[in-house]
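Here the protein sequences line up with chains A and B, keeping their order.
Residues in the first sequence are numbered consecutively from 104, following my numbering.
Residues in the second sequence are numbered consecutively from 43, following my numbering.
These notes concern the structure reproduced below.
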Amino acid sequence: NAGVMQNPRHLVRRRGQEARLRCSPMKGHSHVYWYRQLPEEGLKFMVYLQKENIIDESGMPKERFSAEFPKEGPSILRIQQVVRGDSAAYFCASSPRDSPTYNEQFFGPGTRLTVL
Amino acid sequence: AQSVTQLGSHVSVSEGALVLLRCNYSSSVPPYLFWYVQYPNQGLQLLLKYTTGATLVKGINGFEAEFKKSETSFHLTKPSAHMSDAAEYFCAVSSFSGGYNKLIFGAGTRLAVHP
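Put into structure tokens, the structure is as follows:
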């Protein structure tokens with residue numbers, strides 16, 4: 104059973120460009136979480152999605168950031184008009200639909216975004 | 043609101059020595075507590091978790107942690123450090139509210155192991 108997959112692993116963008124980060128959850132998992140890790144900091148929750156629904160986006164910046172998890176295909180985190188402050192590692196985690204209450208999350212290897 | 047404080051951003055131990063990484067949490071509801079390890083340029087791997095029941099939790103690679111409600115702590119220990127334990131360790135807290143589980147992470151502790 105393959106783990107959580109993220110691509111690309113490394114992404115370089117110039118200021119003003121768009122960044123698209125992809126996350127394929129583990130097989131059978133229908134819950135996806137996105138976290139951001141700024142340099143020398145811990146992970147910060149961004150958004151929680153189920154198939155075709157955004158459940159909690161309380162950690163998402165109000166502008167330029169959006170996320171989706173379509174019925175088919177991976178979850179996408181999209182950052183428009185990137186700025187240098189967006190440089191960070193972005194991690195995706197997934198959990199199964201019918202999980203126990205402790206709801207363990209399985210993390211992908213992350214996408215490291217560098218904005219020049 | 044929930045929060046996590048990890049005391050010591052950097053910890054250095056000798057190979058074979060005791061490892062102690064400190065974590066204190068704040069939660070208004072019974073917490074679920076986790077320790078994750080992150081090796082350079084990799085994702086997070088779950089070391090161990092506390093949900094309910096036994097307060098001493100054993101995890102992978104010889105690590106264990108004890109949930110102490112009175113001290114709001116969940117410190118991570120390992121009796122004897124190996125060179126391969128050098129990594130960054132994150133403590134996290136969550137509550138299963140609203141039907142899902144949002145993790146709140148501490149800032150992390152970087153563990154160095156020297157010969």
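Quick reminder that beta carbons are idealized off the backbone N, C-alpha and C, glycines included.
Check                                                                                                                               : Outcome
Beta-carbon gap between P128(A) and V115(A) smaller than 8 Å                                                                        : no
Member of A105(A), R117(A), G145(A) whose CA lies at the smallest distance from the CA of T47(B)                                    : G145(A)
Inter-residue spacing [alpha-carbon to alpha-carbon] between S56(B) and E166(A)                                                     : 47 Å
Inter-stretch contact (C-beta, 8 Å, three-pair minimum) for the segment 128 to 138 of chain A and the segment 193 to 200 of chain A : yes
For R117(A), three-class secondary structure by DSSP                                                                                : coil
Option in C65(B), H52(B), G95(B), Y78(B) with minimal Cα separation from P72(B)                                                     : G95(B)
Rounded straight-line distance, which links the Cα of L118(B) to that of L89(B)                                                     : 10 Å
Integer-rounded CB distance, given that S169(A) should sit under 8 Å from L152(A)                                                   : About 11 Å separates the two Cβ atoms, so there is no contact after all.
From F172(A), G162(A), P142(A), E143(A), residue whose alpha carbon lies closest to that of N156(A)                                 : F172(A)
Cβ-based contacts, 9 Å cut-off: residues of the segment 145 to 165 of chain A near chain B                                          : G145, L146, K147, F148, Y151, Q153, I158, D159, S161, G162
Inside the segment 128 to 207 of chain A only - beta strand (DSSP E) runs reaching at least 3 residues                              : 132 to 140, 146 to 153, 156 to 159, 168 to 171, 178 to 182, 191 to 199
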